[in-house]
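Student: So the protein sequences, as listed, match chains A and B. Be aware that the first sequence starts at 1, since it is given in full-length UniProt numbering, and climbs by one per residue. Be aware that the second sequence starts at 1, since it is given in full-length UniProt numbering, and climbs by one per residue.
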Amino acid sequence: MESDSDEDGPVMKNPVGNIPMEWYKDEKHIGYDLSGKKILRKTKKDALQRHLDRADDPEPWRLVYDEVNDEELRLTDAEVKLLRRLRNGKYEPGIDPYEDYPVPEDDPELKIFGPSGPEPKSRFVPSKHEAKKIVRYVRMIRAGKLKRDPDPQDPDKLYNFDVWEREDDVVHRGAVPIPAPKMKLPGHAESYNPSKEYLLSPEEQEEMLKQDPSDRPLNFIPQAYTSLKKVPLYPSLVQERFERCLDLYLCPRTVKKRMNVDPQSLLPKLPKPADLRPYPSVLTVVYEGHKDKINSLSHHPDGQYFASASNDGFVMVWEVSTGRCWKKWNLKQPVSYISWNPNVDFPIIAVAVGSEVILIDPRFGPQDNLQSAAIQELLLKGREFAASKGSKEKNELVKFEDVASAEKEQGLLLRVKHAKPVTQVTWHHKGDYFVTLSPQANTKAVLIHQLSKMQSQNPFTKSKSDTQKVLFHPSKPFLFLATKKHVKVYNLQKQMLSKNLLGGFKWLSSFDIHPGGDNVVCSAFDRKISWFDMDLSAKPYKTMRYNNTGLRTVAFHKRLPLFAAGGEDGVAYVFHGMVYNDLMDNPLIVPLKRLHAHKNDGMDGILDILFHPTQPWLFTCGIDHTIRLFTDK
Amino acid sequence: MARAPKKKGKTGEAASYVTRNQAIKKLQVTLGDFRRLCILKGVYPRDPKKKAKGKDKTYYATKDILFLLHEPVLSKLRDIRAHKRKIIKAKSKKDFVLVEYLDKRKPFYLLDRLVKERFPTFTDAVRDMDDALSMATLFSNLPSTNLIQSKRTLNCRRLCLEFFNYVALSHSLRKVFLSIKGCYFQAEVQGQSVTWLVPYNFVQEVPPDIDYRVMMTFLEFYETQLHFINFRLYNTLGLKYPPQVDLQKSDANLGINAFLLEQISSEDPEATPAAPDAAKTVTAQKKASNGEKKQQQAKIKSLQEKMQDILENENESKSQEDVGEDINADLEDEEAEEEEQEQGTETLLFKKLKFFLSREVPRALLELMIKSFGGAVGWEGPGSPFPESDESITHQVVDRDTQRHMFLSREYVQPQWVADSCNAGLLLPVEEYGPGVCPPPHLSPFVDDEEEGYLPERRRFILSLQEKSKNHAGAFDDMPQDPAEGDEADAKMKDEDEEEEDEEEDEEVDAAEAQYQSELAKESGKEEAISAPKSTKTKKTKAEIEEERARMMMSKKDRRLYDKIMFAKERKRQRVQRLENKK
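(1) Which residue or residues does DSSP assign as beta-bridge partners of I360(A)?
(2) Taking three-plus beta-carbon pairs below 8 Å as touching, is the stretch 8 to 18 of chain B in contact with the stretch 613 to 628 of chain A?
(3) Would a check of beta-carbon distances place E7(A) closer than 8 Å to chain B?
(4) Provide the residue(s) that pair with D496(A) in DSSP beta bridges, ordered along the chain.
(5) May I ask which residues mark the beginning and end of the beta strand (DSSP E) holding W379(B)?
(6) Relative to the C-alpha of P207(B), which residue among P179(A), D312(A), E240(A) is closest?
(7) Name, please, each residue of chain B whose Cβ falls closer than 7 Å to the Cβ of M544(A).
(8) Does S417(B) come out as helix, strand or coil in the three-state DSSP assignment?
(9) Can you list the residues of chain A that G255(B) reaches, using a CB-CB cut of under 7 Å?
(10) With a 10 Å radius around its C-beta and 16 neighbouring C-beta atoms as the bar for buried, classify H70(B) as buried or exposed.
(11) F461(B) CB to nearest chain A CB: under 8 Å?
(12) What distance in whole Å lies between the Cβ atoms of N519(A) and E568(A), which are believed to be in contact at a cut-off of 8 Å?
(13) In angstroms, rounded to a whole number, what distance separates the CA positions of L378(A) and E319(A)?
(14) Does the beta-carbon distance from V282(A) to F630(A) come in below 8 Å?
(15) Nearest chain A C-beta to N235(B) closer than 8 Å, yes or no?
(16) Listed from N- to C-terminal order along the chain, which residues in the stretch 163 to 182 of chain A have their beta-carbon within a distance smaller than 9 Å of any beta-carbon of chain B?
(17) Between the alpha carbons of F346(A) and W427(A), how many angstroms are there, rounded?
(18) Applying the criterion that 16 or more other CB atoms from any shown protein chain within 10 Å of the CB defines a buried residue, is N230(B) buried or exposed?
(19) Evaluate A568(B) with the Cβ neighbour count: other Cβ atoms within 10 Å of its Cβ, from every protein chain shown; 16 or more gives buried, anything less gives exposed.
(20) What did DSSP end up calling F202(B) once you bin it into helix, strand or coil?
(21) Report the option in T483(A), Q615(A), P181(A), F525(A) whose CA atom is closest to the CA atom of T467(A).
(22) Answer yes or no: does any C-beta atom of chain C fall closer than 8 Å to that of T19(B)?
(23) Less than 8 Å between the beta carbons of L66(B) and L74(B), yes or no?
(24) Can you find a C-beta in chain A that's less than 8 Å from the C-beta of K10(B)?
(25) Determine which residues of the stretch 317 to 330 of chain A have a Cβ less than 9 Å from any Cβ of chain B, and write them out in chain order.
(26) Applying the criterion that 16 or more other CB atoms from any shown protein chain within 10 Å of the CB defines a buried residue, is V487(A) buried or exposed?
(27) Which residues of chain A have a Cβ atom closer than 7 Å to the Cβ of R105(B), listed in chain order?
(28) Is DSSP giving Y350(B) helix, strand or coil here?
(29) Alpha helix (DSSP H) containing I609(A): first to last residue?
(30) Tell me, to the nearest whole angstrom, how far the beta carbon of R458(B) is from that of S195(A); I am working on the premise that it is less than 8 Å.
(31) Distance cutoff 8 Å, beta carbons only. Does S195(A) sit that close to anything in chain B?
(32) From N69(A), D57(A), P20(A), D46(A), pick the residue whose C-alpha is nearest to that of D33(A); which is it?
(33) Are the beta-carbon atoms belonging to Y249(A) and H442(B) less than 8 Å from one another?
(34) Show which residues of chain B have a CB atom less than 7 Å away from the CB atom of C522(A).
(35) In angstroms, rounded to a whole number, what distance separates the CA positions of R571(B) and V176(B)?
(36) For residue 584(B), collect the residues of the same chain with a Cβ closer than 7 Å to its Cβ; drop the 5 residues on either side in sequence, then sort them by chain order.
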């Protein structure tokens, strides 16, 4: 009641009341006095004057500006004290703020201020809300939804038993487990102090670091420390353990049988070459005379002579035993093939020169006049037959032309002119028929000619342009024809394909037929030789591989169980190839010898090989212009 | 009635293997849970011959997946997922009472069944112990992160120490190898050799690019496996498991010395779950172990008497730990004696030796070596059973160049001497291992000399020492060796002789041929033509020519196998050659 009244305080000079004085901010007066006159604002001191006043005043901080009354007041000591006390939050001296409140005993007046009326009933009745909660909890407990707090789990206590003594039916029902392989145990190189040889040289270290981490033989670099305390932290230990973990659960596992095979047991047991003698093994004669590479060889049926055909245009006949060139013919064109008639009665040499086949009578001196006469008779017969028939067909397959008289003196007999270059000519074993091969002539590639009738026939209607070689069966009316991939056997009587030998070749180079007629051996540029036993199957009975080079040619011996192959590296390989008469035994094939026969120019070495008809002798010819004879020791 | 036609993918390889995605779909789990399950159950991919779904897929055996389908852990994993979701939900609703409630009820699974399932017999478990131990030793050295909890690290340390304690007590350590990665130990437990790697005492680096969840899952299983193995091993020694730990010693990092070993009392039937029940698994080994057990029990009885004596005689004030130590020592002594009787002195190489370890050597590793070979160990620092000044110390292991005070009564050796002696089975001469000396090369005891194909100089030396000591031990034993071997050698000699003869013959022929060829060449005046093929013909031995011939006649399959074997042989030969050259 006392605090609100302004009247009790000091008399207000400007009775404007409790209003914000900013309302008079822009006015010249600051209010009205009791008589209603304006109280004018005192003129404001400028800053300089105020500063001077403050400088003159010993205690300028005592001055306080009263905005309402527009006057400056000076604080007294008592007022300053009061202010200080207020600012420090202290009571006036002499006042005890914590004085005990004197509780009056049984003061009836005080009861007036206590809670009025009687206690409400709700204070004495159980709470419905709580009852509901309890019921809910009880129900939850009964339903098993509310449980007591479980004890904290300690696996040591839970696992306090011997798991392998427990009787329970724990069975592994999964797939058969494969135990993980154990980690590789450390070798000497992992030692902290390995012997010197296990440390890596800087080059080796560099080489190892170049490799992919998975390819490195060691997953660390061997180090040597002079004492154990100098061994530092191995940084990738965690990584290695992690990789092991990954291996354990991510790597597919299989049981692999480790083959503990003695490599020697894998090598087939071959008979010793010494037991399979005779076979050609020693270089005996070198026949020299040709000026260019020698393409082909062929021997006289009785084996006393053999003939060679070369790119220099010469055909030469050599005496086997002396190495002497017995006779030669200059045909002026590269001679690609030569074949001596196997019939002793008509020892005609057929050579393939360009697109012609020239037949030559070698005329072995006066004692052989009989043979020359027989040959002349045969040719005469053929001419007569041809003349009697007349040239009905206008487009003949080939032309049989007589040679010039000068050539006749030399022994040339006949020219068989083809449309396209002839690559091969080969005789039937009876000596009347011969077959020529000119692959460029498409459907007329393979032609069979008969001397006694001067007649030719074309057994095939389809193109045989990829034919490599063609041969007659040694005794039966079959024609063997080698394409790049297969060897085809045609029955000439029935005029049908009788067999197709498949060797899986990429490029077959040559083949030869065993004198028995049931076995064929093929050589291929894809570095293999395949032996076909035609009684067994159309697939090779045995394939022999060479890592060195492709093989150009292959030949059987006529009598002995030998065959040989000539390679592009100038090496001839001699094999033992025994064919048994009873059908129970399979052929026995044994490699015997490598003969380093000719130089090679990287592309070619040996061009042709030839076995002597009776002796275990092997002739080879090649790009180095020579013919070599290998004989038995 | 006609049979229904077979459907594709219902039989054979296609049906017995499923891809990983198929498996996950079948099990209705996430990839993470599937991985967890696979690790815990020991299920791993297989390598079917026919891969029906393509070569780029991972295949699991269908049987394995069906086996997983009925796994209780699988449902527990699902529960855990559901529980996690509940907590997340409660947290997002700010129902912290519920969060607390749920936190206390986290579902968990036990792995004891899985241990039994994966290792039907105790021997199986011991055989597969290598990875578990190496993992535990590694983790006990890892710093704790938010993925690697310190609780797990401590548990690993405890399990390892327990096992090491067993190895030391049973003297089953066989080989030691100080490598740059850490120290390899090999012990023979239950007839199985167990090898593990203990990293040196560094805080390991924790690479960030590793999936620690995988490792922790492995560790989870390994911890359980180790626990059960330790349990069984302690029981075979007649000791209570888990052994009590002396906290004071444990805090002082005294490793295996901190265990207070306590025997299984015969009155307490629950404490002996490993009751002898030989009828079930009748194996010789088991019987043997049973016999052992009886002996152990007898020993225990005597020990118990001793213990009571001690308790009666000594004041009550004597602390429990001392008693434990006494028992420990007693046990060791008796064990040692027994071992000695059984196996001779070889395994207890350090039987009468007393070692003192300087503070710079890795104490835990050396202690394990020395104790398991029967020696007594003291060390510089708290808890050592004897001080450095003890006159009965025979060896002091140091790794410092200079010593403050050298006792004349003992040998000073580097730690490598202990390891090398353990491996060699004899006390090597100490001169080479003196302080400040660079010790001779330390070789791996795990290398099979024959397979390695190369004998380092040091190995030869040690072998000769072993031979000497053997001869010394049994002078009558050096009878002529296996007579069959001699015969074989003779036969070999004969063979060689024959071959030589053959070779000679062949050489003669070859020489003749060469001579003939050269003569021919001279005649023809074309030296070049001959010399060319001759130069290509490198000098081949008869055997090589023979091999070449035979190789030609091999089938493709044989040839490939042969080439592979020969390639491996050649590589090994080159490796050995390289080592020889570097020597």
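We treat Cβ as the ideally placed atom computed from N, Cα and C, and that holds for glycine.
Tutor: Once the coordinates are examined:
(1) Along the first sequence, read from residue 1 onward, the residue named residue 360(A) stands at position 360. In the DSSP output, where bridge partners are listed per residue, I360(A) has I349(A), L412(A).
(2) In short, these stretches do not touch, since the Cβ pair count stays below three.
(3) For this step, residue 7(A) is matched to residue 7 along the first sequence. Residue placement at E7(A) cannot be trusted, given a pLDDT of 47 that sits under 50; the coordinates are not used to answer.
(4) Working through the first sequence from its first residue, we reach residue 496(A) at position 496. According to the sequence as given, residue 496(A) is Met; it is not Asp. Looking at the DSSP assignment, M496(A) forms a beta bridge with N491(A).
(5) By 1-based counting over the second sequence, the position of residue 379(B) is 379. Counting along the chain, W379(B) sits inside the beta strand (DSSP E) bounded by residues 376 to 379.
(6) Stepping through the second sequence from its first residue, residue 207(B) is reached at position 207. Out of P179(A), D312(A), E240(A), E240(A) has the C-alpha closest to the C-alpha of P207(B).
(7) Position 544 of the first sequence, counted from the start, is the residue given in the question as residue 544(A). Chain B residues near M544(A): M552, M553.
(8) Your numbering for residue 417(B) matches position 417 in the second sequence. Here residue 417(B) turns out to be Trp, not Ser, going by the sequence shown. The answer is helix: DSSP assigns W417(B) an H, G or I state.
(9) For the purposes of this step, residue 255(B) is taken as residue 255 along the second sequence, with counting starting at 1. Here the premise fails: no neighbours, minimum Cβ distance about 18 Å.
(10) Residue mapping note: residue 70(B) aligns to position 70 of the second sequence, counting from 1. With fewer than 16 other Cβ atoms inside 10 Å of its own Cβ, H70(B) counts as exposed.
(11) Position 461 of the second sequence holds residue 461(B). For F461(B), the closest Cβ of chain A is not nearer than 8 Å.
(12) Locating residue 568(A) in the first sequence gives position 568, where the first residue counts as 1. Locating residue 519(A) in the first sequence gives position 519, where the first residue counts as 1. About 24 Å separates the beta carbons of E568(A) and N519(A), which is beyond the 8 Å limit, so they are not a contact pair.
(13) Translated into positions along the first sequence, residue 378(A) becomes position 378. Translated into positions along the first sequence, residue 319(A) becomes position 319. The C-alpha of L378(A) lies about 27 Å from the C-alpha of E319(A).
(14) Numbered from 1 along the first sequence, position 282 holds the residue referred to as residue 282(A). Numbered from 1 along the first sequence, position 630 holds the residue referred to as residue 630(A). Cβ distance < 8 Å, so V282(A) and F630(A) count as in contact.
(15) In the second sequence, counting from the first residue as 1, residue 235(B) sits at position 235. Closer than 8 Å to some Cβ of chain A, the Cβ of N235(B) qualifies, so yes.
(16) Within the stretch 163 to 182 of chain A, the residues whose Cβ lies closer than 9 Å to some Cβ of chain B are V163, W164, E165, R166, E167, D168, V170, V171, H172, R173, G174, A175, V176, P177, I178, P179, A180, K182, listed in chain order.
(17) The residue given as residue 346(A) occupies position 346 in the first sequence. The residue given as residue 427(A) occupies position 427 in the first sequence. Each residue's Cα considered, the two are about 11 Å apart.
(18) By 1-based counting over the second sequence, the position of residue 230(B) is 230. In this structure N230(B) is buried. Its beta-carbon is surrounded by 16 or more other beta-carbon atoms within 10 angstroms.
(19) The sequence position of residue 568(B) within the second sequence is 568, counting from 1. That one is exposed.
(20) One-based indexing of the second sequence puts residue 202(B) at position 202. Under the three-state reduction of DSSP output, F202(B) falls in the coil class, being neither helix nor strand.
(21) Against the first sequence, residue 467(A) aligns to sequence position 467. Of the listed residues, the one whose Cα sits closest to T467(A) is T483(A).
(22) Among the protein chains in the structure shown, which are A and B, there is no chain C.
(23) The residue you call residue 66(B) lines up with position 66 of the second sequence. The residue you call residue 74(B) lines up with position 74 of the second sequence. With contacts defined by Cβ atoms closer than 8 Å, L66(B) and L74(B) do not form a contacting pair.
(24) The count along the second sequence starts at 1 and reaches residue 10(B) at position 10. At least 8 Å separates the CB of K10(B) from every CB of chain A.
(25) Taking 9 Å as the upper bound on Cβ-Cβ separation, chain B lies near no residue of the stretch 317 to 330 of chain A.
(26) The residue labelled residue 487(A) in the question sits at position 487 within the first sequence. Counting Cβ neighbours within 10 Å, V487(A) comes out buried, since at least 16 surround it.
(27) Residue numbering aside, residue 105(B) sits at position 105 when the second sequence is read from its first letter. Here the neighbours are P150.
(28) Counting from 1 along the second sequence, the entry for residue 350(B) is found at position 350. A small fix is needed here, since residue 350(B) is Phe in this sequence, not Tyr. Look at F350(B) here: in three-state DSSP terms it is coil, with no helix or strand label.
(29) Taking the first sequence and counting its residues from 1, the one referred to as residue 609(A) is at position 609. No alpha helix (DSSP H) contains I609(A), which is instead part of the beta strand (DSSP E) from 606 to 611.
(30) Here residue 458(B) refers to the residue found at position 458 when the second sequence is read from its first residue. Here residue 195(A) refers to the residue found at position 195 when the first sequence is read from its first residue. With 8 Å as the limit, R458(B) and S195(A) qualify as a contact, their Cβ atoms being about 6 Å apart.
(31) Mapped onto the first sequence, residue 195(A) falls at position 195. It does; some Cβ of chain B falls within 8 Å.
(32) As a first step, residue 33(A) must be located in the first sequence, where it is residue number 33. For D33(A), the nearest C-alpha among the options comes from N69(A).
(33) Taking the first residue of the first sequence as position 1, residue 249(A) is located at position 249. Taking the first residue of the second sequence as position 1, residue 442(B) is located at position 442. In this structure, Y249(A) keeps its C-beta atom at 8 Å or more from the C-beta atom of H442(B).
(34) Counting from 1 along the first sequence, the entry for residue 522(A) is found at position 522. Neighbourhood of C522(A) in chain B, by CB distance below 7 Å: empty, with the nearest CB roughly 16 Å away.
(35) Within the second sequence, the letter at position 571 stands for residue 571(B). Within the second sequence, the letter at position 176 stands for residue 176(B). Going by the C-alpha atoms only, they are around 29 Å apart.
(36) With chain B covering 1 to 583 only, the question about residue 584(B) has no answer from this structure.
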